[in-house]
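In case it helps, UniProt numbering puts the sequence shown at residues 1 to 221. Yeah, the Cβ is synthetic: ideal placement off N, Cα and C, and Gly gets one too.
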Amino acid sequence: MKKSLLAFSVVGSSVLLTACDNGKAKIEAELSATKAELAALQITLEEVKKGAESQVAELEKTTAEKMVLIQKIADEKAAEVQKEADLKVSEAQKAAEAKVAEMQKSLDAQLEEAKKISEEKWQMLKQSLEAQLAESQLATERAKEMAVDKKSKLSEAFEDVKSSISNSLKDAKEAIADTMQDAGKAIQNMGSDMKSEIQKATQATESQREENQNETKNESQ
(Lines of atoms letter the chains of each structure in order from A and count residues from 1; the text may use other names and numbers.)
(Lines give C-alpha, C1' and ligand atoms only; values in the text may rest on other atoms or scores of the structure.)
Protein backbone atom coordinates (compact mmCIF):
# COMPACT_ATOMS: atom_id res chain seq x y z
CA MET A 1 0.00 0.00 0.00
CA LYS A 2 2.79 2.38 0.89
CA LYS A 3 4.57 1.55 -2.34
CA SER A 4 1.46 2.33 -4.32
CA LEU A 5 1.09 5.69 -2.66
CA LEU A 6 4.74 6.45 -3.24
CA ALA A 7 4.47 5.52 -6.87
CA PHE A 8 1.38 7.63 -7.23
CA SER A 9 3.17 10.56 -5.63
CA VAL A 10 6.11 10.19 -7.96
CA VAL A 11 3.85 10.04 -10.99
CA GLY A 12 1.91 13.06 -9.75
CA SER A 13 5.06 15.02 -9.18
CA SER A 14 6.29 14.14 -12.64
CA VAL A 15 3.03 15.26 -14.21
CA LEU A 16 3.10 18.43 -12.16
CA LEU A 17 6.70 19.19 -13.14
CA THR A 18 5.88 18.51 -16.77
CA ALA A 19 2.92 20.89 -16.57
CA CYS A 20 5.09 23.54 -14.95
CA ASP A 21 7.72 23.14 -17.62
CA ASN A 22 5.09 23.44 -20.32
CA GLY A 23 3.64 26.56 -18.66
CA LYS A 24 7.07 28.09 -18.29
CA ALA A 25 7.89 27.43 -21.94
CA LYS A 26 4.60 28.97 -23.00
CA ILE A 27 5.22 32.05 -20.88
CA GLU A 28 8.75 32.36 -22.20
CA ALA A 29 7.43 32.06 -25.78
CA GLU A 30 4.83 34.75 -25.13
CA LEU A 31 7.46 36.92 -23.48
CA SER A 32 9.76 36.54 -26.52
CA ALA A 33 6.89 37.41 -28.85
CA THR A 34 6.06 40.46 -26.75
CA LYS A 35 9.70 41.56 -26.80
CA ALA A 36 9.76 41.16 -30.59
CA GLU A 37 6.60 43.22 -30.90
CA LEU A 38 8.07 45.89 -28.61
CA ALA A 39 11.26 45.97 -30.68
CA ALA A 40 9.24 46.33 -33.89
CA LEU A 41 7.12 49.03 -32.28
CA GLN A 42 10.28 50.83 -31.12
CA ILE A 43 11.66 50.74 -34.67
CA THR A 44 8.36 52.09 -35.99
CA LEU A 45 8.36 54.87 -33.41
CA GLU A 46 11.91 55.83 -34.35
CA GLU A 47 10.96 55.95 -38.02
CA VAL A 48 7.90 58.08 -37.26
CA LYS A 49 10.01 60.38 -35.10
CA LYS A 50 12.65 60.76 -37.81
CA GLY A 51 9.95 61.43 -40.40
CA ALA A 52 8.31 64.03 -38.19
CA GLU A 53 11.64 65.72 -37.46
CA SER A 54 12.43 65.75 -41.18
CA GLN A 55 9.06 67.32 -41.97
CA VAL A 56 9.50 69.89 -39.20
CA ALA A 57 12.98 70.79 -40.47
CA GLU A 58 11.66 71.12 -44.01
CA LEU A 59 8.77 73.26 -42.79
CA GLU A 60 11.13 75.48 -40.79
CA LYS A 61 13.40 75.85 -43.82
CA THR A 62 10.45 76.73 -46.07
CA THR A 63 9.08 79.14 -43.47
CA ALA A 64 12.48 80.84 -43.07
CA GLU A 65 12.80 81.23 -46.85
CA LYS A 66 9.30 82.68 -47.05
CA MET A 67 10.04 85.05 -44.19
CA VAL A 68 13.20 86.24 -45.94
CA LEU A 69 11.23 86.79 -49.15
CA ILE A 70 8.44 88.60 -47.30
CA GLN A 71 10.99 90.78 -45.48
CA LYS A 72 12.69 91.60 -48.76
CA ILE A 73 9.39 92.59 -50.36
CA ALA A 74 8.46 94.64 -47.28
CA ASP A 75 11.84 96.40 -47.32
CA GLU A 76 11.50 97.20 -51.01
CA LYS A 77 7.97 98.50 -50.49
CA ALA A 78 9.06 100.55 -47.48
CA ALA A 79 11.94 102.02 -49.48
CA GLU A 80 9.56 102.86 -52.32
CA VAL A 81 7.06 104.47 -49.96
CA GLN A 82 9.86 106.37 -48.20
CA LYS A 83 11.14 107.61 -51.54
CA GLU A 84 7.66 108.75 -52.52
CA ALA A 85 7.17 110.41 -49.13
CA ASP A 86 10.53 112.19 -49.42
CA LEU A 87 9.55 113.40 -52.88
CA LYS A 88 6.25 114.74 -51.60
CA VAL A 89 7.99 116.39 -48.66
CA SER A 90 10.47 117.99 -51.06
CA GLU A 91 7.65 119.20 -53.30
CA ALA A 92 5.75 120.58 -50.31
CA GLN A 93 8.93 122.29 -49.10
CA LYS A 94 9.53 123.84 -52.50
CA ALA A 95 5.91 124.99 -52.69
CA ALA A 96 6.17 126.50 -49.22
CA GLU A 97 9.43 128.24 -50.12
CA ALA A 98 7.88 129.58 -53.33
CA LYS A 99 4.86 130.82 -51.36
CA VAL A 100 7.13 132.47 -48.81
CA ALA A 101 9.15 134.12 -51.58
CA GLU A 102 5.97 135.33 -53.25
CA MET A 103 4.61 136.72 -49.98
CA GLN A 104 7.98 138.31 -49.21
CA LYS A 105 7.95 139.96 -52.62
CA SER A 106 4.43 141.25 -52.04
CA LEU A 107 5.43 142.48 -48.59
CA ASP A 108 8.45 144.31 -49.99
CA ALA A 109 6.23 145.92 -52.62
CA GLN A 110 3.75 147.06 -49.98
CA LEU A 111 6.53 148.42 -47.80
CA GLU A 112 7.98 150.25 -50.77
CA GLU A 113 4.55 151.66 -51.57
CA ALA A 114 4.04 152.72 -47.96
CA LYS A 115 7.47 154.32 -47.96
CA LYS A 116 6.66 156.10 -51.20
CA ILE A 117 3.37 157.39 -49.81
CA SER A 118 5.09 158.59 -46.65
CA GLU A 119 7.75 160.33 -48.73
CA GLU A 120 5.10 162.05 -50.85
CA LYS A 121 3.23 163.21 -47.76
CA TRP A 122 6.46 164.45 -46.24
CA GLN A 123 7.27 166.42 -49.38
CA MET A 124 3.79 167.94 -49.37
CA LEU A 125 4.17 168.79 -45.69
CA LYS A 126 7.60 170.26 -46.33
CA GLN A 127 6.28 172.45 -49.13
CA SER A 128 3.40 173.55 -46.92
CA LEU A 129 5.79 174.38 -44.09
CA GLU A 130 8.08 176.28 -46.43
CA ALA A 131 5.12 178.26 -47.75
CA GLN A 132 3.95 178.99 -44.23
CA LEU A 133 7.46 180.00 -43.18
CA ALA A 134 7.67 182.27 -46.20
CA GLU A 135 4.37 183.82 -45.24
CA SER A 136 5.64 184.13 -41.68
CA GLN A 137 8.79 185.87 -42.83
CA LEU A 138 6.75 188.14 -45.08
CA ALA A 139 4.44 188.95 -42.23
CA THR A 140 7.42 189.58 -39.99
CA GLU A 141 8.96 191.94 -42.52
CA ARG A 142 5.73 193.80 -42.88
CA ALA A 143 5.33 193.93 -39.14
CA LYS A 144 8.77 195.45 -38.77
CA GLU A 145 7.73 198.23 -41.08
CA MET A 146 4.72 198.99 -38.94
CA ALA A 147 4.74 201.39 -36.09
CA VAL A 148 5.24 200.41 -32.50
CA ASP A 149 1.52 200.76 -31.86
CA LYS A 150 0.89 197.79 -34.18
CA LYS A 151 2.98 195.33 -32.15
CA SER A 152 -0.11 193.61 -30.83
CA LYS A 153 -1.32 192.88 -34.34
CA LEU A 154 2.12 191.55 -35.27
CA SER A 155 2.08 189.31 -32.20
CA GLU A 156 -1.33 187.95 -33.14
CA ALA A 157 -0.20 187.29 -36.70
CA PHE A 158 2.91 185.49 -35.49
CA GLU A 159 0.90 183.38 -33.04
CA ASP A 160 -1.51 182.43 -35.83
CA VAL A 161 1.36 181.36 -38.05
CA LYS A 162 2.98 179.46 -35.18
CA SER A 163 -0.30 177.72 -34.39
CA SER A 164 -0.76 176.88 -38.06
CA ILE A 165 2.73 175.40 -38.24
CA SER A 166 2.16 173.39 -35.06
CA ASN A 167 -1.12 172.05 -36.42
CA SER A 168 0.51 171.17 -39.72
CA LEU A 169 3.32 169.34 -37.94
CA LYS A 170 0.80 167.50 -35.79
CA ASP A 171 -1.23 166.49 -38.84
CA ALA A 172 1.93 165.34 -40.59
CA LYS A 173 3.00 163.23 -37.60
CA GLU A 174 -0.45 161.65 -37.37
CA ALA A 175 -0.47 160.91 -41.10
CA ILE A 176 2.97 159.30 -40.92
CA ALA A 177 1.96 157.32 -37.81
CA ASP A 178 -1.20 156.09 -39.56
CA THR A 179 0.79 155.07 -42.60
CA MET A 180 3.37 153.18 -40.55
CA GLN A 181 0.59 151.54 -38.49
CA ASP A 182 -1.13 150.37 -41.69
CA ALA A 183 2.18 149.04 -42.97
CA GLY A 184 2.78 147.25 -39.66
CA LYS A 185 -0.67 145.63 -39.80
CA ALA A 186 -0.04 144.55 -43.37
CA ILE A 187 3.30 143.01 -42.34
CA GLN A 188 1.69 141.26 -39.36
CA ASN A 189 -1.16 139.89 -41.50
CA MET A 190 1.25 138.61 -44.13
CA GLY A 191 3.40 137.04 -41.44
CA SER A 192 0.31 135.26 -40.04
CA ASP A 193 -0.64 134.09 -43.55
CA MET A 194 2.91 132.80 -44.14
CA LYS A 195 2.89 130.95 -40.82
CA SER A 196 -0.54 129.44 -41.58
CA GLU A 197 0.56 128.30 -45.06
CA ILE A 198 3.72 126.69 -43.69
CA GLN A 199 1.75 124.93 -40.92
CA LYS A 200 -0.76 123.62 -43.47
CA ALA A 201 2.03 122.35 -45.71
CA THR A 202 3.75 120.69 -42.72
CA GLN A 203 0.50 119.07 -41.52
CA ALA A 204 -0.26 117.80 -45.04
CA THR A 205 3.24 116.34 -45.27
CA GLU A 206 2.97 114.62 -41.86
CA SER A 207 -0.49 113.24 -42.74
CA GLN A 208 0.85 111.85 -46.00
CA ARG A 209 3.84 110.32 -44.23
CA GLU A 210 1.55 108.62 -41.66
CA GLU A 211 -0.72 107.29 -44.40
CA ASN A 212 2.28 105.87 -46.26
CA GLN A 213 3.58 104.23 -43.08
CA ASN A 214 0.14 102.74 -42.34
CA GLU A 215 -0.09 101.39 -45.88
CA THR A 216 3.33 99.84 -45.51
CA LYS A 217 2.35 98.18 -42.22
CA ASN A 218 -0.90 96.87 -43.67
CA GLU A 219 0.83 95.44 -46.71
CA SER A 220 3.52 93.83 -44.55
CA GLN A 221 0.86 92.20 -42.40
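Taking just the CA atoms, how far does Lys-94 sit from Lys-115? 31 Å
Going along the chain, which residues of its own chain have a beta-carbon closer than 7 Å to the beta-carbon of Lys-83, five neighbours each way excluded? none
What are the start and end residues of each continuous beta strand (DSSP E) run of 3 or more residues lying completely inside the region 87-119, in chain order? none
So is the beta-carbon of Ala-96 under 7 Å away from any non-hydrogen atom of the ligand SAM? This structure simply doesn't include the ligand SAM, nor any ligand for that matter.
State the CB to CB distance for the pair Glu-210 and Ala-96, rounded to an integer number of angstroms; the pair is presumed to be in contact (CB under 8 Å). The Cβ separation is near 19 Å, so there is no contact.
Would you tell me roughly how many angstroms separate the C-alpha atoms of Gln-203 and Lys-99, rounded to the nearest one? 16 Å
With the cut-off set at 8 Å, would you say Gln-132 and Ser-164 are in Cβ contact? A distance below 8 Å separates the beta carbons of Gln-132 and Ser-164.
Whole angstroms is fine: what's the gap from Met-103's alpha carbon to Leu-87's? 24 Å
To which residues of the same chain is Ser-192 closer than 7 Å at the C-beta, ignoring the five residues directly before and after it? none
CA-CA distance, Thr-62 and Lys-72? 15 Å
Taking the alpha-carbon positions, what's the Ala-134 to Lys-121 distance? Roughly 20 Å separates the two Cα atoms.
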